[in-house]
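Protein chains in written order, with the numbering used here: chain A, 26 to 451; chain B, 26 to 451. Cβ coordinates follow ideal geometry from the N, Cα and C atoms, glycine included. Please read these numbers as outputs of a predicted model, since none were measured by experiment. Inspection log for the structure reproduced underneath, given as structure tokens.
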């Protein structure tokens, strides 16, 4: 954004700068920072548990995720080097609700680290990722962990419903009996009313995501489903059937971010967190001007594209928040992959299929197939993008020529959203 | 840290920088940023509800705190200008547990803002403040709100105990019946065993904080207590009596932070957030090497002093986390105001009394008298420092010649801690 005549720049500085990139480049970076960028942020490691019914509790799941993240760092990594950590969770599992972030870092070798929980319902670890990114850009930390965790399957059905329900509006929705399937069913009905779309379009989303997740070793529901089977699933909240709804999963995920000057210490192929954006909206549906657009997504995406210096058409793969199939349809529009009202057609025409359409949507299987452990979902999306951009996914799952990826993590029915853009190139 | 020969600096830049401070100063700031500081952060507004039994619910309490913060901005402030917000809370009050941060900003005119909850037990808003500070330093936001809130008095006694208890270790402490008074009682017993100190020293802390809080209009318990009365309070957890324990309060607090180049747009007397530090420790007491030191406080203080470029002896007033009187004694040592084992004597000799000792400790009355609405406490401490450094407290409460203040916010029994240093001078 700003350019420096580097002719005599170094003679300025006292004491001299001793940086891997050298004085001139560092000055250029600094001047860039006046605009958007200060320090660039590299993802050098990423790992997660299998999502699903996990046999371990909080400590064990977190340890597994962070260990996998550390093992993925090509040139080695020590957990004691972490300076800041941000852990997303709604309720951890309900047993240890306060100070749990510190409990988890303590039990994964990051003793003494500056750590906190970040909570924004199902967008918790998307915001943990944003805050970790800002921590590095702030110059206060060079090595930062962002992660997320949720233990859902220790809970009774009524407690699960409670912990899920408290992320919608309590006063106007939850206490009136509106659960999340109901919320998204209202959205779907309105979408079909406003645009040329039917439930069949949602079935296409479900079939695609099950197909994508089938070979993903960390996915919760690894089974392909036919169009007819998905279309005739039992009704959960009309028009949404079982195959429109993501499962309730346990899981933990973590990514390791470092400042630009350290990236090549850890790996020859970092994934750059090029941009980040976040936004919010009214919590209760009735306060929003439209049921079929998520303004939080729109503003988050706009900021993320701007900070990354890319546009929607540059994205090769996007992990989007398909807690219900209709949410993926809206996301393809709000993120700019499809025009307004054309998300249904986008799904129908297979535009999001791996290596077939214009952009691969939910190569991991998405929340629908990979699973949805609430607070672990956001950084779980980043794990998939990390692997895809480094060409390290299972055979058959690779998105061809994947250069730029995006993650889209939504809290509740759209009250909060965080979007990130990642690239193989800085 | 770095200096620039500004002789021909501006000719470098294309396009030119249009900043209030002008090109040369901005370049100097940028070069400073290579070390610790990127952008300096100014607090230009701060407000809170009265702590205690508040008649309003979450939305009303938050609106009151943010409105008071906005009204304290000398040259006016619009909530719609806020770009990022960080709200600390353990449980909000238990009714709306997910996405509540967005609900609160929505109801206080910050529509669409990038907002999240930050949770670290009773240190929640201390960490919200740190993350807000880093957000500005990251260059991603120029106007940021940090706040905290907790609604405790809507809860039954058993639920209060639950929400308080879940911030200690569930597995080894809470489920074994150890509550927070018990935790700190163990600490006090050990302290008396190791050092030349008795319960009388704690009584001095209680008497001082009640005296300091007596004229604080936002304090929960506004009554002076005599030494004899505080000494003979009924036993809560031996050796801690009622007068050693802070009350359970409702409350909300918020501060408005801006990037350096905007500070004088909002006020002629900003309070600079000069330094920030945070740390963590084992959650369960038995894992810590010492019961009478909080390593999280020590590392947080060390970082805060370093980033601020000051030492303990520079501090004029400190708001420390005296959830129990023994906690203030430990804090005076861990923050460097008293030598190891000398915190008891420090209290006994009145070293923390307003305008009498070496540093005023808890000019507000502290958690003991001002009150402790868990998540609201950290930024509530910052509100007091803001008022003290601007000489805007009630008559009789002013700390003389207050130039540098400190806040110290602890989560649980010391698993997490955030320390901040503030100054009238940048």
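Worksheet entry | Sub-7 Å separation of residue 159(A) and residue 88(B) beta-carbons | Residue numbering aside, residue 159(A) sits at position 134 when the first chain is read from its first letter. Residue numbering aside, residue 88(B) sits at position 63 when the second chain is read from its first letter. Cβ distance not < 7 Å, so residue 159(A) and residue 88(B) don't count as in contact.
Worksheet entry | Spatial distance of residue 100(A) from residue 291(A) (CA atoms) | Position 75 of the first chain, counted from the start, is the residue given in the question as residue 100(A). Position 266 of the first chain, counted from the start, is the residue given in the question as residue 291(A). Distance between the alpha carbons of residue 100(A) and residue 291(A): 5 Å.
Worksheet item: CB residue 115(A) to CB residue 90(A), shorter than 7 Å?
Response: Position 90 of the first chain, counted from the start, is the residue given in the question as residue 115(A). Position 65 of the first chain, counted from the start, is the residue given in the question as residue 90(A). No.
Worksheet item: Taking C-beta to C-beta, are residue 64(B) and residue 285(B) nearer than 7 Å?
Response: Here residue 64(B) is taken as the residue at index 39 of the second chain, counted from 1. Here residue 285(B) is taken as the residue at index 260 of the second chain, counted from 1. Yes, the Cβ-Cβ distance between residue 64(B) and residue 285(B) is below 7 Å.
Item to complete: Assign residue 124(B) to one of three DSSP states: helix, strand, or coil.
Response: On the second chain, position 99 is the one that residue 124(B) refers to. Correct three-state label for residue 124(B): coil.
Worksheet entry | chain A contacts from the region 175–193 of chain B (Cβ-Cβ distance under 7 Å) | Going along the region 175–193 of chain B in chain order, one finds 191 and 192 with a Cβ nearer than 7 Å to chain A.
Discussion item. Any C-beta of chain B within less than 7 Å: which residues of the region 130–152 of chain A qualify?
Written reply: Residues passing the 7 Å Cβ filter: 130, 131, 137, 138, 139, 140, 141, 142, 143, 144, 145, 146 and 152.
Discussion item. Please state whether the Cβ-Cβ distance between residue 245(A) and residue 345(A) is less than 7 Å.
Written reply: To locate residue 245(A), count along the first chain from 1; it is residue 220. To locate residue 345(A), count along the first chain from 1; it is residue 320. In terms of Cβ geometry, residue 245(A) and residue 345(A) do not form a close pair [threshold 7 Å].
Item to complete: Flag this pair as yes or no: are the beta carbons of residue 281(A) and residue 134(A) separated by less than 7 Å?
Response: Mapped onto the first chain, residue 281(A) falls at position 256. Mapped onto the first chain, residue 134(A) falls at position 109. Going by C-beta atoms, residue 281(A) is not nearer than 7 Å to residue 134(A).
Worksheet item: Under the DSSP definition of a beta bridge, which residues are partnered with residue 270(A)?
Response: By 1-based counting over the first chain, the position of residue 270(A) is 245. BP columns for residue 270(A) point to 349(A).
Fill in: Three-state secondary structure assigned by DSSP to residue 438(B)
Locating residue 438(B) in the second chain gives position 413, counting from the first residue. Assigned with DSSP and collapsed to three states, residue 438(B) falls in coil, not helix or strand.
Worksheet item: Taking three-plus beta-carbon pairs below 8 Å as touching, is the region 257–265 of chain B in contact with the region 400–416 of chain B?
Response: With the cut-off at 8 Å, the region 257–265 of chain B and the region 400–416 of chain B do not touch.
Item to complete: For the alpha helix (DSSP H) holding residue 83(B), just list the boundary residues, first then last.
Response: Looking up residue 83(B) in the second chain gives position 58. First-last of the alpha helix (DSSP H) with residue 83(B): 83–96.
Worksheet item: Cβ atoms of residue 353(A) and residue 230(A): under 7 Å apart, would you say?
Response: One-based indexing of the first chain puts residue 230(A) at position 205. One-based indexing of the first chain puts residue 353(A) at position 328. Closer than 7 Å, so yes.
Practice prompt. Count the other CB atoms, across all protein chains shown, that sit within 10 Å of the CB of residue 200(B); report buried if there are 16 or more and exposed otherwise.
Written response: Taking the first residue of the second chain as position 1, residue 200(B) is located at position 175. Per the 10 Å Cβ criterion, exposed.
Practice prompt. Give the residues from the region 438–451 of chain B that approach chain A closer than 7 Å (Cβ to any Cβ), ordered along the chain.
Written response: Answer in chain order: 440 and 441.
Item to complete: Kindly indicate which three-state DSSP category residue 76(A) falls into: helix, strand or coil?
Response: As a position in the first chain, residue 76(A) is number 51, starting the count at 1. Three-state DSSP puts residue 76(A) in coil, outside helix and strand.
Practice prompt. Count the C-beta pairs between the region 292–306 of chain B and the region 73–89 of chain B that are closer than 8 Å, then say yes if the count reaches three, no if not.
Written response: Verdict: no, contact absent.
Item to complete: For residue 306(A), return the contacting residues in chain B, with the cut-off set at a CB-CB distance below 9 Å.
Response: Numbered from its first residue, the first chain carries residue 306(A) at position 281. Chain B residues near residue 306(A): 127, 131, 136 and 137.
Worksheet item: Quick one: does residue 453(A) have its CB under 7 Å from some CB of chain B?
Response: Any question about residue 453(A) goes unanswered here, given that chain A covers just 26 to 451.
Discussion item. What does the alpha-carbon distance come out to for the pair residue 144(A) and residue 121(A)?
Written reply: To locate residue 144(A), count along the first chain from 1; it is residue 119. To locate residue 121(A), count along the first chain from 1; it is residue 96. For residue 144(A) and residue 121(A), the distance between alpha carbons rounds to 15 Å.
Discussion item. Is there a Cβ of chain B sitting closer than 7 Å to that of residue 47(A), yes or no?
Written reply: If you number the first chain from 1, residue 47(A) lands on position 22. Because the pLDDT of residue 47(A) is 46, which lies under 50, any placement of that residue in the model is unreliable, and the number read from its coordinates should be weighed accordingly. It does not: the Cβ of residue 47(A) has no partner Cβ on chain B nearer than 7 Å.
Item to complete: Take the Cβ of residue 175(B) as the centre, count every other Cβ of all protein chains shown within 10 Å, and call the residue buried at 16 or more, exposed below.
Response: Numbered from 1 along the second chain, position 150 holds the residue referred to as residue 175(B). Flag for residue 175(B) reads buried.
Fill in: Neighbour list for residue 156(B) in chain A, Cβ cutoff strictly below 9 Å
Along the second chain, one-based indexing puts residue 156(B) at 131. Neighbourhood of residue 156(B) in chain A, by CB distance below 9 Å: 111, 141, 143, 156, 159 and 160, in chain order.
Practice prompt. Run the CB neighbour count on residue 367(B), radius 10 Å, all protein chains shown included, and call it buried at 16 or more, exposed below.
Written response: Here residue 367(B) is taken as the residue at index 342 of the second chain, counted from 1. Within a 10 Å sphere around the beta-carbon of residue 367(B) sit 16 or more other beta-carbons, which makes this residue buried.
Fill in: Reduced DSSP category for residue 279(B) - H, G, I as helix; E, B as strand; rest coil
Within the second chain, the letter at position 254 stands for residue 279(B). In the three-state scheme derived from DSSP, where H, G and I count as helix and E and B as strand, residue 279(B) is classed as strand.
Worksheet entry | Contact with chain A by residue 222(B), beta-carbon distance below 7 Å | The residue given as residue 222(B) occupies position 197 in the second chain. Not an interface residue.
Fill in: When 139(B), 309(B) and 440(B) are compared against residue 197(B), the one with the closest alpha-carbon
Within the second chain, the letter at position 172 stands for residue 197(B). Checked all of 139(B), 309(B) and 440(B); the closest Cα to residue 197(B) is 309(B).
Worksheet item: Going straight from the alpha carbon of residue 294(A) to that of residue 156(B), what length do you get?
Response: Indexing the first chain from 1 puts residue 294(A) at position 269. Indexing the second chain from 1 puts residue 156(B) at position 131. Our two residues, residue 294(A) and residue 156(B), have alpha carbons roughly 29 Å apart in a direct line.
Item to complete: Note down the Cα distance separating residue 136(B) from residue 104(B), rounded to an integer number of angstroms.
Response: Translated into the one-based positions of the second chain, residue 136(B) becomes position 111. Translated into the one-based positions of the second chain, residue 104(B) becomes position 79. In a straight line, the C-alpha of residue 136(B) is about 9 Å away from that of residue 104(B).
Worksheet entry | Closer than 8 Å at the beta carbon, the chain A residues around residue 423(B) | In the second chain, residue 423(B) corresponds to position 398, counting from 1. Residues of chain A passing the Cβ test: none, with the nearest at roughly 33 Å.
Item to complete: Would you kindly check if the distance between the Cβ of residue 422(A) and the Cβ of residue 380(A) is under 7 Å?
Response: As a first step, residue 380(A) is located in the first chain; it is residue number 355 there, counting from the start. As a first step, residue 422(A) is located in the first chain; it is residue number 397 there, counting from the start. Result no, Cβ atoms of residue 380(A) and residue 422(A) do not sit closer than 7 Å.
Worksheet item: Which residues mark the beginning and the end of the beta strand (DSSP E) in which residue 262(A) is found?
Response: To locate residue 262(A), count along the first chain from 1; it is residue 237. According to the DSSP assignment, residue 262(A) belongs to the beta strand (DSSP E) that extends over 260–262.
Worksheet entry | Close beta carbons around residue 333(A), own chain, < 7 Å, minus the five adjacent residues each side | Numbered from 1 along the first chain, position 308 holds the residue referred to as residue 333(A). Excluding residues up to 5 positions away in sequence, 299, 300 and 446 lie with their Cβ nearer than 7 Å to the Cβ of residue 333(A) in the same chain.
Practice prompt. Go through its chain and collect everything with a Cβ distance to residue 251(A)'s Cβ below 8 Å, but skip five positions before and after it.
Written response: For the purposes of this step, residue 251(A) is taken as residue 226 along the first chain, with counting starting at 1. Within the same chain, residue 251(A) has close Cβ partners 232.
Item to complete: Go ahead and pull the three-state DSSP assignment for residue 420(B).
Response: As a working mapping, residue 420(B) is identified with position 395 in the second chain. If DSSP states are grouped into helix, strand and coil, residue 420(B) belongs with coil.
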